[in-house]
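Before any comments, here is the structure.
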Amino acid sequence: MYHIQFTSPVHVHFIGIGGISMSSLAEILMTNGFPVSGSDARESDLTRHLEEMGARVDIGQRAGNITDGIGLVVYTAAISEDNPELAAAREKGIPLLTRAELLGQIMRNYPVPIAVAGTHGKTTTTSMAALALLEAGMDPTVSVGGILPEIGGNLRIGHSDTFITEACEYTNSFLSFFPKIAIILNVDADHLDFFKDIYDIRNSFHRFAGLLPTDGTLIINNDTPEVSAVTRGLTCRTVTFSLSGNGDYTAGDITWDPEGCASFEAFFKGAPVGLFTLHVPGLHNVSNALSVIAMGFCLGMDAATIQRGFDRFGGTKRRFEHKGVVGGVTVIDDYAHHPTEIRATLTTAKNYPHKTTWCVFQPHTYT
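Okay, structure coming up:
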């Protein structure tokens, strides 16, 4: 596999540069001195932003866009095998990387790469963790799968050793990553158009955990069914968290405000480590927060710093997002499309101040 080195920039061409993830990767490379070009089916704010930074962006995909001097071509799973640019790159013998492979290669250039995995909660937890890292003065580079208002989008370019990103299991994408710290929030049956069954999914997460070096740290939800199938045989440090009290980090004395947001005391191996208050609703977010607390203490933060990160976090777009009130009806938008996520969203709604709940659901994925 082609290795990206920040110390040796090459011209990188992105097929489908206008996607939210691809444009972010392009921006990271440009910030580190890489010449970038790319193509997309249509112009957008993202493509215009990259052009303003100095990228060459062609609208429409054609073999002629693969010019001399390109050292690497990056493409997404949405690009078909007969794509003219992909074919031209292969004909010229130019190295190829998928989007996930490039993200993994970028991680290799940071001494402290953090990956947040799990069937549910990746965007929320990555956002929580990123804000805690910012409050700790760690100046991280952040790549998140949703819009985080506090960083002005889905990407923040930092100037430190720390990089944090979501790690998606679909098509085994996260097996191309190189984390030093990994969080696994949960392991559930999803993406069954790709995975055979839950055993196949657990094996994928086990392989992901196995990517951690001996001096790395896995932070995992100990309430995950058959959690040992994920953690067996690992050589890295393993830190657990749990809502049921069966983990290194646990939560107690949970109380709720009128909008369903929790305050709780966190414990490490039974000893209190701090009082925390969240500004996003739901018990599932207490679990997400425990993983961030574990990460924070692993990195030397104190409870006050982590809480300042929680104080900044009011949610990401389409994650129990308050859209407004119309005719006395409060409208909440949530991306939940898996049965477990829908259950968590509806449970959260029950704690919200209201008289009647109406749910309008759009079936969205195979699961």
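For the working numbering, add 136 to where a residue sits in the sequence shown, where the first one is 1. Idealized CB from N, CA, C, for every residue including glycine.
Taking a contact to require three or more Cβ pairs closer than 8 Å, the stretch 321-335 and the stretch 346-353 do not qualify as touching. Sorting Asp204, Ala225, Asp218, Ala251 by C-alpha distance to the C-alpha of Val210 places Ala225 at the top. Judged by beta-carbon spacing, Val496 lies beyond the 8 Å limit of Ala430, meaning their Cβ atoms are not closer than that value.
Close CB contacts of Thr167 within its chain, under the 8 Å cut and outside five residues either way in sequence, are with Ile293 (chain order). Thr481 and Gly200 have their C-alpha atoms spaced approximately 48 Å apart.
Here the alpha carbon of Ser340 sits roughly 13 Å from the alpha carbon of Asn322. Looking at the DSSP output, Asn357 bridges to Phe377.
Non-local C-beta neighbours of Ser157 in its own chain, meaning closer than 7 Å and more than five positions away in sequence, comprise Arg235, ordered along the chain. Bounds of the alpha helix (DSSP H) holding Gly240 are 235-243. For the pair Ala162 and Ile151, the CB atoms are not nearer than the 8 Å cut-off. Residue nearest to Gln443 within the set Gly410, Gln498, Ile202 is Gly410 (criterion: CA-CA distance). A direct Cα-to-Cα measurement between Cys372 and Leu354 gives close to 7 Å.
Between the alpha carbons of Glu179 and Leu233 lies a distance of about 23 Å.
Of the residues Gly196, Leu222, Leu182, the one whose Cα lies closest to the Cα of Leu208 is Leu222. Between the stretch 245-259 and the stretch 171-190 there are fewer than three inter-stretch CB-CB distances shorter than 8 Å, so the stretches are not counted as touching. Taking 8 Å as the cut-off, the Cβ atoms of Ser312 and Glu237 count as close. Here the alpha carbons of Ser378 and Asn357 stand approximately 6 Å from one another.
Of the residues Leu267, Leu291, Gly169, the one whose Cα lies closest to the Cα of Gly155 is Leu291. Rounded to whole angstroms, the Cβ separation of Gly418 and Leu267 is 18 Å, and the two are not in contact under 8 Å. The alpha-carbon separation between Ala325 and Ala439 amounts to approximately 34 Å. In the structure shown, Phe412 adopts extended strand secondary structure according to DSSP, grouped into three states. Rounded to the nearest whole angstrom, the CA to CA distance from Val278 to Val462 is 35 Å. As the crow flies, the alpha-carbon of Ile242 is around 8 Å from that of Gln141. Within its own chain, the residues whose Cβ lies closer than 7 Å to the Cβ of Gly388, once the five positions on either side in sequence are excluded, are Phe400, Glu401, Phe403, listed in chain order. Listed in chain order, the non-local C-beta contacts of Asn382 below 6 Å within the same chain comprise Asn358, local neighbours out to five positions each way being set aside. Approximately 7 Å separates the beta-carbon atoms of Glu305 and Ile337; this is inside 8 Å, confirming the contact.
When only Cα atoms are considered, Tyr471 and Thr143 end up about 39 Å apart. Between Asn421 and the set Met137, Thr203, His256, the nearest pair of CA atoms involves His256. Contact check for Thr298 against Pro315 fails: the beta carbons are separated by 8 Å or more. Pairing Phe344 with Met264, the inter-Cα distance amounts to about 22 Å. Non-local C-beta neighbours of His295 in its own chain, meaning closer than 7 Å and more than five positions away in sequence, comprise Asp275, ordered along the chain.
With 16 or more other CB atoms across the displayed protein chains lying within 10 angstroms of its CB, Met437 is buried. Within the model, the alpha-carbon separation for Val280 versus Ser159 is close to 12 Å. Of the candidates His415, Gly450, Thr307, Met189, His415 places its Cα closest to the Cα of Asp393. Within the model, the alpha-carbon separation for Lys405 versus Ser380 is close to 13 Å.
Put simply, of Pro145, Thr260, Tyr385, Val148 the residue whose alpha carbon is nearest the alpha carbon of Phe433 is Tyr385.
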